[in-house]
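**Student:** Residue numbers (the UniProt record's numbering), protein chains in the order written: chain A, 1 to 413; chain B, 1 to 413.
Number of protein chains: 2
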Amino acid sequence: MSSAENSFDFTPLLASGLPPAAAKWNGFPKYNFVGGNNDADQVPVDRLLAASTAVLRREGATLATYGLNSGPLGYRPLREFLVGKLRRDAGITCTADEILITSGSLQGLDLVNALLTSPGDTVLIEQECYQGSITRLVRRGVNIVGIPLDDDGMRIDAVAAALADLKAKGIRPKYIYTIPTVQNPTGTIMSEQRRAELLKLSEEYGVPVFEDDCYADLIWNGKRPPALYAMSRTGGVIHIGSFSKSVAPALRVGYIVAPWAVLSRILPIKTDAGSGALEQMVLAEFCTAHFSDHVPKLARGLRVKLEAMMEALAEQFGTAAEFDDPPGGIFLWVKLPDNVDTMKLYQAALASGIAINPGTEWSVNAGHSKSRLRLCFASPSVQEIRDGVAALAEVCRREFGVPSRSANVERTS
Amino acid sequence: MSSAENSFDFTPLLASGLPPAAAKWNGFPKYNFVGGNNDADQVPVDRLLAASTAVLRREGATLATYGLNSGPLGYRPLREFLVGKLRRDAGITCTADEILITSGSLQGLDLVNALLTSPGDTVLIEQECYQGSITRLVRRGVNIVGIPLDDDGMRIDAVAAALADLKAKGIRPKYIYTIPTVQNPTGTIMSEQRRAELLKLSEEYGVPVFEDDCYADLIWNGKRPPALYAMSRTGGVIHIGSFSKSVAPALRVGYIVAPWAVLSRILPIKTDAGSGALEQMVLAEFCTAHFSDHVPKLARGLRVKLEAMMEALAEQFGTAAEFDDPPGGIFLWVKLPDNVDTMKLYQAALASGIAINPGTEWSVNAGHSKSRLRLCFASPSVQEIRDGVAALAEVCRREFGVPSRSANVERTS
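#1: Less than 8 angstroms between the beta carbons of B/Val257 and B/Phe243, yes or no?
#2: May I ask you to report which of helix, strand or coil DSSP gives A/Leu149?
#3: Which of the three DSSP states is assigned to A/Cys129 in this structure?
#4: Quick one: what does DSSP say A/Arg374 is sitting in, helix, strand or coil?
#5: Please return the same chain residues whose Cβ sits closer than 6 angstroms to the Cβ of A/Leu100, not counting the five positions on each side in sequence.
#6: Quick check on B/Pro119: buried or exposed, where buried means 16 or more other Cβ atoms within 10 Å of its Cβ?
#7: Give a yes or no on whether the C-beta atoms belonging to B/Ile356 and B/Leu306 are separated by under 8 angstroms.
#8: Which parts of the segment 53-115 of chain B are runs of the alpha helix (DSSP H), unbroken and 4 residues or longer, counting only runs that do not cross its ends?
#9: Could you name the residues of the same chain whose beta carbon sits closer than 8 angstroms to that of residue 480 of chain B, not counting the 5 residues immediately before and after it, in chain order?
#10: Can you tell me whether DSSP reads A/Thr234 as helix, strand or coil?
#11: I'd like to know whether the C-beta atoms of A/Thr188 and A/Asp165 end up nearer to each other than 8 angstroms.
#12: I want to verify the contact list: residues of chain A whose CB lies under 7 angstroms from the CB of B/Asn365, in sequence order.
#13: In whole angstroms, what is the alpha-carbon distance linking B/Val402 and B/Gly388?
#14: If the cut-off is 9 angstroms on Cβ atoms, which residues from the segment 359-388 of chain B count as contacting chain A, listed in chain order?
#15: Who are the Cβ neighbours of B/Arg265 in its own chain at under 7 angstroms, not counting the five residues just before and after it?
#16: Would you be able to state if there are at least three C-beta pairs under 8 angstroms between the segment 175-184 of chain A and the segment 56-67 of chain A?
#17: Within 8 angstroms of any Cβ in chain A, is that where the Cβ of B/Ile171 sits?
#18: From which residue to which residue does the beta strand (DSSP E) around B/Trp333 run?
#19: Give the DSSP-derived three-state secondary structure of B/Leu251 in the structure shown.
#20: Specify the secondary structure class of B/Ile240 as computed by DSSP and reduced to three states.
#21: Report the option in A/Asp46, A/Leu106, A/Thr93, A/Lys30 whose CA atom is closest to the CA atom of A/Gly350.
#22: Determine, using beta carbons only, whether A/Ser202 and A/Gly236 come nearer to each other than 8 angstroms.
#23: Which chain A residues are close to B/Gln107, counting only those with a beta carbon under 7 angstroms from its beta carbon?
#24: A/Val364 by DSSP, collapsed to three states: which one?
#25: Between A/Lys24 and chain B, is the shortest Cβ-Cβ distance under 8 angstroms, so that the two count as touching?
#26: Could you check if A/Gln280 is buried or exposed, using at least 16 other CB atoms within 10 Å of its CB as the buried criterion?
#27: Helix, strand or coil, according to DSSP, for B/Asp212 in the structure here?
#28: Tell me which same chain residues have a C-beta within less than 8 angstroms of the C-beta of A/Ala321, skipping the five on either side of it?
#29: What residue range is occupied by the uninterrupted alpha helix (DSSP H) comprising A/Tyr205?
#30: Name the residues in the segment 230-251 of chain A whose C-beta lies less than 9 angstroms from a C-beta of chain B; which are they?
#31: Have a look at B/Val112 and A/Asn37 and give me their C-alpha separation to the nearest angstrom.
#32: DSSP has A/Gly328 in a bridge; who is on the other side?
#33: Quick one: list the residues of chain A neighbouring B/Asn37, beta-carbon separation under 7 angstroms, in chain order.
#34: Under 8 angstroms: do the segment 128-135 of chain A and the segment 154-161 of chain A share three or more Cβ pairs, one atom per stretch?
#35: Could you give the distance in angstroms between the alpha-carbon of B/Trp362 and the alpha-carbon of B/Pro185?
#36: Tell me whether A/Trp362 counts as near the ligand HEM, meaning its Cβ is closer than 7 angstroms to at least one heavy atom of that ligand.
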């Protein structure tokens with residue numbers, strides 16, 4: 001069959017409601033400030049190679065069996081590593097049978113959504129939120145109630161008001177979704193007091209908390225409040241996490257922590273015959289020996305890049321770019337002047353080889369997010385950060401008249 | 001949180017229509033004749049280790065980026081290996097941009113179903129069929145029309161009749177699903193003439209063929225007809241395949257081959273940020289050097305196990321077990337006397353440490369499949385095959401009175 005003969009028309013057979021067709025991929029833009037990509041120089045290649053060699057030599061033959069010898073929850077040594085890691089870092093007490101290894105935390109999102117939501121259901125999420133979480137809910141036909149954030153994370157007064165309002169309408173939301181520890185995209189960490197208040201509301205209204213902790217490892221000072229999962233007195237929290245940010249995103253290994261009563265209902269809808277075993281094996285071997293050394297080193301390197309980005313923004317945009325210095329993570333959430341529509345900036349910048357995440361894709365409040373954008377600093381080099389931010393300022397100036405041409409002169413004088 | 005405090009009740013929040021809760025996994029049964037597990041002795045551990053070392057040393061740093069440097073279709077060297085392999089083995093002419101790497105061929109099933117089917121739609125499938133394909137369709141609320149098979153695979157007269165009947169009712173099915181090359185569970189290979197006839201009907205009725213080729217590498221004499229994808233003159237075929245059977249199932253790497261017009265609509269619903277990259281990298285490195293040597297060697301080993309299983313069945317069940325000698329694959333489709341209900345046999349056998357696949361789970365025709373079962377011979381050793389088949393005969397005799405106690409005496413005399 002040659003492509004000239006592709007006369008069969010699939011169009012009338014497509015399911016309704018599909019997203020638009022993808023464009024062909026043509027490589028990365030010159031300045032890539034999008035996505036959860038990480039620092040290539042900090043992938044622990046030698047140690048992953050040693051881990052791979054050790055675990056394949058010892059257990060390679062078990063690849064002949066779906067789920068290795070560990071069953072459907074995932075490679076047991078990786079779950080056992082997580083039991084210790086979650087206890088040390090997040091204060092979570094759980095057993096290996098309360099952890100399900102997933103293909104990235106994205107599969108965790110899909111599974112929890114499939115477990116709890118149907119079209120027409122309602123959920124509460126942070127108003128500024130991971131794009132993939134928003135698009136999943138929209139595609140499922142789930143109603144989203146956005147909760148505004150401040151410097152301490154999700155505003156609990158707004159959660160209380162939303163829950164009371166929904167209850168008055170006879171609606172019991174399916175969950176309250178939060179990224180409490182280095183929130184995406186705002187970078188905030190929800191305070192311990194707020195966590196307690198959120199759990200109190202969750203119990204009062206019988207609405208579980210869905211805690212997405214996938215950035216929690218990357219905190220500059222290493223200090224974080226206990227996970228909501230750890231603080232719950234009732235088990236009304238489902239917790240997901242990932243190795244994408246702490247080791248390498250392309251590995252696609254995440255996990256769900258939940259009581260067995262919940263996991264036992266998730267397992268039958270995880271119909272993939274297990275997540276990739278080699279990656280689980282290599283990660284378990286690597287993490288057991290090196291995770292606690294690797295992560296602080298990675299965080300120090302990311303902090304250097306963040307500082308380069310904040311300096312470049314100050315230099316190129318002056319006061320036109322407002323942002324807080326985030327306590328961790330891989331991105332900066334930036335406010336530009338009100339006249340800048342970052343969706344238009346995104347398109348113009350892309351044409352100049354600069355990729356950014358426009359605010360409206362990371363928010364359910366278009367008014368609030370229209371002139372905001374998310375910039376990821378983990379993947380580009382320090383030089384690329386400097387050059388890319390300068391190029392972005394140039395595009396923004398051309399399209400929107402800000403920053404004024406004197407911004408960098410003022411700041412560098 | 002201790003488990004004694006798990007008082008939060010998720011039950012009223014669960015989505016409707018979920019499958020029943022999973023039981024805790026307690027290890028493999030003593031005699032494991034289920035699932036697509038492979039021969040642990042034939043996992044090419046040393047070569048996978050060498051591949052892993054080479055590719056990590058050369059490209060390990062690219063794990064920092066989702067999709068490596070290859071974009072969302074998957075690791076490019078693996079797609080390029082597949083271009084050559086599909087041309088040599090299946091007669092398929094395609095480019096690397098017409099291949100999407102998936103997390104096993106199971107994700108391929110999910111994506112094609114999501115692309116084409118909605119609740120209430122109709123599809124044609126082989127009456128005896130992979131359980132996972134059947135359960136996926138049932139869960140989606142898709143109507144299944146089962147097409148009977150004979151020694152040459154799917155019966156084309158029955159396809160023609162079903163299509164005409166549906167057309168008369170104003171129904172255009174979304175696809176005709178077939179495992180044409182070593183059919184699961186019957187083991188048949190659809191003849192080239194039938195493939196041509198099936199494609200003619202597909203074009204006439206405007207119903208695409210969904211070709212699942214995941215067992216096609218494992219044929220004893222190495223000879224197979226061209227893939228339906230290769231024979232189509234119109235591009236009306238979507239083809240999926242897997243490395244699970246040819247290299248190792250736990251790796252979870254499969255692929256979809258389709259015209260770009262189709263792949264471009266599948267990509268936006270593959271929202272997993274890419275399939276596991278390390279497994280793709282290791283497979284590409286291994287397969288490029290060793291696939292064509294490895295597969296015939298694996299097949300020879302599987303043939304030895306198949307012969308052990310056929311001998312054990314003949315010895316233990318005598319004429320009570322009917323089966324054809326399959327041309328390839330990892331399973332045997334066995335007919336027991338009509339009074340044997342293999343669903344009940346399955347339960348009784350499991351209690352004795354023997355796992356089998358009851359026929360009704362591998363069929364949409366309960367009447368036809370009630371006294372049939374699927375036995376996988378790839379994973380157990382030759383000794384386990386002998387002992388397990390003897391133990392199964394013992395359970396079957398106790399529960400159903402067949403085989404008669406003299407069966408093995410008759411045959412071995």
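Note that CB positions come from ideal geometry on N, CA and C, so glycine has one too.
**Tutor:** Considering the structure as presented:
#1: Here the question's residue 257 of chain B lines up with position 257 in the second sequence. Here the question's residue 243 of chain B lines up with position 243 in the second sequence. Not in contact: B/Val257 and B/Phe243 (Cβ atoms no closer than 8 angstroms).
#2: Counting from 1 along the first sequence, the entry for residue 149 of chain A is found at position 149. It is a strand residue.
#3: Within the first sequence, the letter at position 129 stands for residue 129 of chain A. Coil, per DSSP.
#4: Walking along the first sequence from the start, residue 374 of chain A turns up at place 374. A/Arg374 falls in the strand class under three-state DSSP.
#5: As a first step, residue 100 of chain A must be located in the first sequence, where it is residue number 100. Within the same chain, A/Leu100 has close Cβ partners Leu73, Ile256, Leu263.
#6: Counting from 1 along the second sequence, the entry for residue 119 of chain B is found at position 119. A residue is called buried once 16 or more other Cβ atoms fall within 10 Å of its Cβ, and B/Pro119, having fewer, is exposed.
#7: One-based indexing of the second sequence puts residue 356 of chain B at position 356. One-based indexing of the second sequence puts residue 306 of chain B at position 306. Taking 8 angstroms as the Cβ cut-off, B/Ile356 and B/Leu306 do not qualify as a contacting pair.
#8: 76-90
#9: Lying before the first or after the last residue shown, residue 480 of chain B is absent from chain B, which here runs from 1 to 413.
#10: As a position in the first sequence, residue 234 of chain A is number 234, starting the count at 1. The DSSP-derived three-state label of A/Thr234 is coil.
#11: By 1-based counting over the first sequence, the position of residue 188 of chain A is 188. By 1-based counting over the first sequence, the position of residue 165 of chain A is 165. Contact flag unset, no.
#12: By 1-based counting over the second sequence, the position of residue 365 of chain B is 365. The premise fails here: B/Asn365 is roughly 23 angstroms from chain A at the closest Cβ pair, so nothing lies under 7 angstroms.
#13: Counting from 1 along the second sequence, the entry for residue 402 of chain B is found at position 402. Counting from 1 along the second sequence, the entry for residue 388 of chain B is found at position 388. For the pair B/Val402 and B/Gly388, the Cα-to-Cα distance works out to about 16 angstroms.
#14: Ala378, Ser379
#15: Locating residue 265 of chain B in the second sequence gives position 265, where the first residue counts as 1. Once the five neighbours on either side are set aside, the close Cβ partners of B/Arg265 are Leu115.
#16: no
#17: For this step, residue 171 of chain B is matched to residue 171 along the second sequence. No - not a single Cβ of chain A is within 8 angstroms of the one on B/Ile171.
#18: The count along the second sequence starts at 1 and reaches residue 333 of chain B at position 333. Per DSSP, B/Trp333 belongs to the beta strand (DSSP E) from 331-335.
#19: As a working mapping, residue 251 of chain B is identified with position 251 in the second sequence. Residue state, collapsed to three classes: helix.
#20: Along the second sequence, read from residue 1 onward, the residue named residue 240 of chain B stands at position 240. Under the three-state reduction of DSSP output, B/Ile240 falls in the strand class.
#21: To locate residue 350 of chain A, count along the first sequence from 1; it is residue 350. Note that residue 350 of chain A corresponds to Leu in the displayed sequence, not to Gly. The residue with the shortest Cα to Cα distance from A/Leu350 is A/Lys30.
#22: Locating residue 202 of chain A in the first sequence gives position 202, counting from the first residue. Locating residue 236 of chain A in the first sequence gives position 236, counting from the first residue. For A/Ser202 and A/Gly236, yes; Cβs fall inside 8 angstroms.
#23: The residue you call residue 107 of chain B lines up with position 107 of the second sequence. Those are Asp272, listed as they occur along chain A.
#24: Mapped onto the first sequence, residue 364 of chain A falls at position 364. It is coil, neither helix nor strand.
#25: Reading the first sequence from its first residue, position 24 is the one you call residue 24 of chain A. It does; some Cβ of chain B falls within 8 angstroms.
#26: Numbered from 1 along the first sequence, position 280 holds the residue referred to as residue 280 of chain A. Answer is buried; the Cβ neighbour count reaches 16.
#27: Indexing the second sequence from 1 puts residue 212 of chain B at position 212. Strand, per DSSP.
#28: Here residue 321 of chain A corresponds to residue number 321 of the first sequence, with the count starting at 1. Contacts found: Leu313, Ala314, Val334, Lys335, Leu336, Pro403.
#29: Taking the first residue of the first sequence as position 1, residue 205 of chain A is located at position 205. Note, A/Tyr205: alpha helix (DSSP H), 192-205.
#30: Ala230, Met231, Ser232, Arg233, Thr234, Gly235, Gly236, Val237, Ile238, Ser244, Val247, Ala248, Pro249, Ala250, Leu251
#31: Here residue 112 of chain B refers to the residue found at position 112 of the second sequence. Here residue 37 of chain A refers to the residue found at position 37 of the first sequence. Rounded to the nearest whole angstrom, the CA to CA distance from B/Val112 to A/Asn37 is 28 angstroms.
#32: On the first sequence, position 328 is the one that residue 328 of chain A refers to. Bridge partners of A/Gly328: A/Ile219.
#33: Reading the second sequence from its first residue, position 37 is the one you call residue 37 of chain B. Ordered by position in chain A, the residues that pass the 7 angstroms Cβ test against B/Asn37 are Ala64, Thr65, Tyr66.
#34: Counting Cβ pairs under 8 angstroms, fewer than three are found: no touch.
#35: Mapped onto the second sequence, residue 362 of chain B falls at position 362. Mapped onto the second sequence, residue 185 of chain B falls at position 185. Straight-line spacing of the CA atoms in B/Trp362 and B/Pro185 works out to 7 angstroms.
#36: Inclusion of the ligand HEM in the displayed structure is not the case, the ligand content being empty and no account of it being possible.
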